[in-house]
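Report on the following structure.
2 protein chains.
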Amino acid sequence: MPPELKIALADRARGGTRGRVYSALRDALVAGRLEPGRRLSENELAEWLGVSRTPVREALVRLRDDRLVEIVPQLGTFVSKISIAAVADAQFVREALECAAIRLAATRVTEAELLALQALIAQQDEARAAGDLDRFYLLDDGFHSALCESSGHAIAWTLVQRADGHLNRVRRLSLPVPEYMAEMIDEHRSVVAALAERDPDSAEAVLRHHLRMVLSGLQPIQAEHPEYFEQQPA
Amino acid sequence: MPPELKIALADRARGGTRGRVYSALRDALVAGRLEPGRRLSENELAEWLGVSRTPVREALVRLRDDRLVEIVPQLGTFVSKISIAAVADAQFVREALECAAIRLAATRVTEAELLALQALIAQQDEARAAGDLDRFYLLDDGFHSALCESSGHAIAWTLVQRADGHLNRVRRLSLPVPEYMAEMIDEHRSVVAALAERDPDSAEAVLRHHLRMVLSGLQPIQAEHPEYFEQQPA
DNA sequence: AACGGTGGACTAGTATGCAAGCGTGCCGCC
DNA sequence: GGCGGCACGCTTGCATACTAGTCCACCGTT
């Protein structure tokens, strides 16, 4: 575990120690390198990352706001198990914000932005062909980020990211299915097409359908990794 | 300044020192007791609140995520000035989330929840008659919170609150106008009426109009307190 | 053998100490 | 008188020390 974390840490020189620690831990959590249910320890993490407890603590507090970890005083810090309710919440938030954003974007997107979106899709296709999951994941994020930016409210993407911890873990677990990637790229194309026609209703409808695709992967994952999921109250 | 802070602190025994400090500071910021542009100091705040720098630091980091303060390394921490762009962002987020929530709520709200909403409105009317601004403000928050809860995604209200720092400061500054309160109560009644008829479109339209009312108070406030606002780049 | 109590080793929460950087005011120089 | 430079005091960032509380395993007793 330590080596991966150190790599992720080295990647991002920005934002001081605290920012690096937060990014490193968040990456590790979303990518599943720190599996749900696992117990963390501030001391352990601090040692792995080669920093003191202070920045680790501050990062963990932020991650708790993101619902990715649970901090139990005098007991320990735990990687949140994936909760169906939390996934539903995240999906709701994402739909609400991104759909509102794309309606705006449809009225104000520029040609340059449309070209940039198409370029991103092309890169996604390359990543799919190369089977590079991580790259595809990043490009997908970039696509949706660019979408929000075109609306003039980049804040939307910031919030989606922070609210989306549970959902992103599901995304990462479901990406390995190759045909999903092709389907997603097609839908991205449809979204951009609707944007190009400046049609808010159509753009919203297409995006909403696209966003709901993620959920289709949920049940198989739950069947495959039940230990990652919160037990439902009967 | 210290006395008000200590009072706010005493109010909330929940959540340990860190939670108390965060709540106290947030209240003071949103209520305008810590005016925009003011310079804060971790040492000063720690002394006022009777705790050490550590919980203050962690609270300030969260408040920076809320965009209520700006932390400049090696220089100081400042109360964010109200930024028109940030207000617009907050309004966008709030509309997107609350309107999505009320659409859901219209399909699943229970009779008991409708009664609770009506009870809140009645209390708002009392607060208005008594001229109790703080109480009215709290009841308004409670109303919108209950709305989100009825949608099954209480998380929406949590996010709205955290994203709404700038907007809430405007709300607090504009509340003193008495006729606004009466108008808001009327609109609350309309929202509940639309919910009672299980009409998502109408509920959303009414709520959206209601939420935009806040913005109508923006310009007079900017005229009255220009020093609270971020200078626009020409 | 089974149960109860006690001690140790862990946890997070908080407080404090040290390092590095920026702003400002003062003092000397031109 | 005006300007350049240095030094002091302030800031936050980070590391470390200490407190309080929980869990768990071991040991003594019944």
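Here the protein sequences come in this chain order: R and V. full-length UniProt numbering applies: residue 1 is where the first sequence begins, and numbers increase by one. full-length UniProt numbering applies: residue 1 is where the second sequence begins, and numbers increase by one. Heads up, the beta-carbon is just placed ideally off N, CA and C, and yes, glycines get one too.
The alpha-carbon of residue 217 (chain V) is positioned some 36 Å away from that of residue 43 (chain V). Taking 8 Å as the CB threshold, residue 132 (chain V) stays off the interface with chain R. Interface criterion met: the Cβ of residue 61 (chain V) is under 8 Å from a Cβ in chain R. The C-alpha of residue 195 (chain V) lies about 28 Å from the C-alpha of residue 203 (chain R). Fewer than three beta-carbon pairs drawn from the segment 51-58 of chain V and the segment 82-100 of chain V are found closer than 8 Å, and the two stretches are therefore not classed as touching. Contacts between residue 93 (chain R) and chain V, judged by CB atoms closer than 8 Å, involve 97, 153, 155, 156, 159 in chain order. At least one CB of chain V lies nearer than 8 Å to the CB of residue 89 (chain R). Beta-bridge partners assigned by DSSP to residue 72 (chain V): V:76.
Between residue 93 (chain V) and residue 155 (chain R), the CB-CB gap stays under 8 Å.
Interface with chain R (8 Å Cβ-Cβ cutoff): residue 42 (chain V) is excluded. Counting along the chain, the unbroken alpha helix (DSSP H) around residue 155 (chain R) starts and ends at 155-163. Listed along chain R, the residues sitting closer than 7 Å to residue 58 (chain V) by beta-carbon distance are 58, 61. Using a Cβ-Cβ distance cut-off of 8 Å, the segment 147-162 of chain R and the segment 104-115 of chain R are in contact, since at least three pairs of beta carbons, one from each stretch, lie closer than that value. Put simply, the CB of residue 203 (chain V) is far from chain R, with every gap to its CB atoms at 8 Å or more. Short of 8 Å from the beta carbon of residue 96 (chain R), and not among the five residues preceding or following it, lies no beta carbon of its own chain. In terms of CA proximity to residue 53 (chain R), R:17 leads the group R:78, R:17, R:132. Classified as buried, residue 140 (chain R) has 16 or more neighbouring CB atoms from the shown chains inside 10 Å of its CB. The Cβ atoms of residue 167 (chain R) and residue 79 (chain R) lie no closer than 8 Å to each other. Taking a Cβ-Cβ threshold of 7 Å, none of the residues of chain V is close to residue 24 (chain R); the smallest such distance is about 17 Å.
Contact annotation for residue 100 (chain V) against chain R: 92, 93, 95, 96, 97, 99, 100 [CB-CB distance below 9 Å, chain order]. Cβ-Cβ distances below 7 Å link residue 170 (chain V) to 82, 87, 214, 217, 218, 221 in the same chain, with the five nearest sequence neighbours on each side left out; the list follows chain order. Against chain R, the beta carbon of residue 163 (chain V) has neighbours under 9 Å at 155, 159, listed in chain order. Between the beta-carbon of residue 50 (chain V) and that of residue 173 (chain V) there is about 29 Å, and that puts the pair past the 8 Å contact cut. Counting only residues of its own chain and dropping the five nearest sequence neighbours on each side, residue 21 (chain V) has a CB closer than 7 Å to the CB of 49, 51, 55, 56, 59. Residue 191 (chain R) is not a Cβ neighbour of residue 118 (chain R), given a cutoff of 8 Å. Close CB contacts of residue 113 (chain R) within its chain, under the 6 Å cut and outside five residues either way in sequence, are with 150 (chain order). Excluding the 5 residues flanking it on each side, residue 120 (chain V) has same chain C-beta neighbours closer than 7 Å at 139, 142, 143, 146, in chain order. According to the DSSP secondary-structure assignment, residue 40 (chain V) is paired through a beta bridge with V:77.
For residue 207 (chain V), the closest C-alpha among the options V:159, V:187, V:198, V:225 is that of V:187.
Sequence-distant Cβ neighbours of residue 189 (chain V) in its own chain, meaning closer than 7 Å and more than five residues away, are 121. Straight-line spacing of the CA atoms in residue 66 (chain R) and residue 135 (chain V) works out to 30 Å. By DSSP's assignment, residue 82 (chain R) forms a beta bridge with R:229.
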